[in-house]
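Counting from 1 along the sequence shown, just add 2 to a position and that's the residue number in our numbering. The beta-carbon is built from N, C-alpha and C at its ideal position, and this holds for glycine as well. One structure is given below, encoded as structure tokens.
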Amino acid sequence: MTLRVESSAEYPIVREADVIDVRRRVRKLAQERGFDTFATAALTTGASELARNAWVHGGGGEARVEEVADGLRRGVRLTFRDRGPGIADIERVLAGGFSTIRSLGLGLSGTRRLVDEFEIDSSPGRGTVVVVTKWTRF
Numbered sequence: 003m004t005l006r007v008e009s010s011a012e013y014p015i016v017r018e019a020d021v022i023d024v025r026r027r028v029r030k031l032a033q034e035r036g037f038d039t040f041a042t043a044a045l046t047t048g049a050s051e052l053a054r055n056a057w058v059h060g061g062g063g064e065a066r067v068e069e070v071a072d073g074l075r076r077g078v079r080l081t082f083r084d085r086g087p088g089i090a091d092i093e094r095v096l097a098g099g100f101s102t103i104r105s106l107g108l109g110l111s112g113t114r115r116l117v118d119e120f121e122i123d124s125s126p127g128r129g130t131v132v133v134v135t136k137w138t139r140f
């Protein structure tokens, strides 16, 4: 099936308050679109982690929040883009427990487990783009 974007909005991530704003907007959209409690929490947590990564590690960036459909399913796709140093070893980061700032290092690996689809594109000097999708469960 072809993925159809039904709505799209972009939000800057340049200060800590923007992380909170993206989280709030994603939670509201998930609730309005009929996501169950677990799916809403999963999507909201993922959005918060990815927005924080863009702010803390990427020096800022932007989030795109899209309502998507592919015929039978409806969902929310989130794209986070930053202008940071990039990730040299994506596999190590996705294994969990790796952090450059003395955190638990579970942001990307945890987010990957919370969503239905997860893509990451990063390399040193290019910044990072993470795209996640969560589908409704009807």
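In whole angstroms, what separates the C-alpha of residue i from that of residue j?
i, j, result
"P14", "D20", "7 Å"
"V78", "E51", "16 Å"
"K136", "F37", "9 Å"
"G73", "G86", "36 Å"
"E69", "P126", "31 Å"
"V28", "E34", "10 Å"
"L80", "A49", "7 Å"
"F120", "T46", "15 Å"
"S181", "I122", "Past the boundaries of the shown model lies residue 181; the chain is included only from 3 to 140, so the question cannot be answered."
Which residues does DSSP list as the beta-bridge partners of residue i?
i, result
"F120", "V134"
"S125", "G129"
Can you say whether residue i is buried or exposed, counting buried as having 16 or more other CB atoms within 10 angstroms of its CB?
i, result
"R25", "buried"
"I22", "exposed"
"L5", "exposed"
"A32", "buried"
"V67", "buried"
Please look up how many angstroms separate the CB atoms of residue i and residue j, rounded, as I've assumed it's under 8 Å.
i, j, result
"V131", "R83", "5 Å"
"A53", "A65", "6 Å"
"R128", "G88", "5 Å"
"T138", "A56", "25 Å between Cβ atoms; not a contact."
"V16", "G62", "4 Å"
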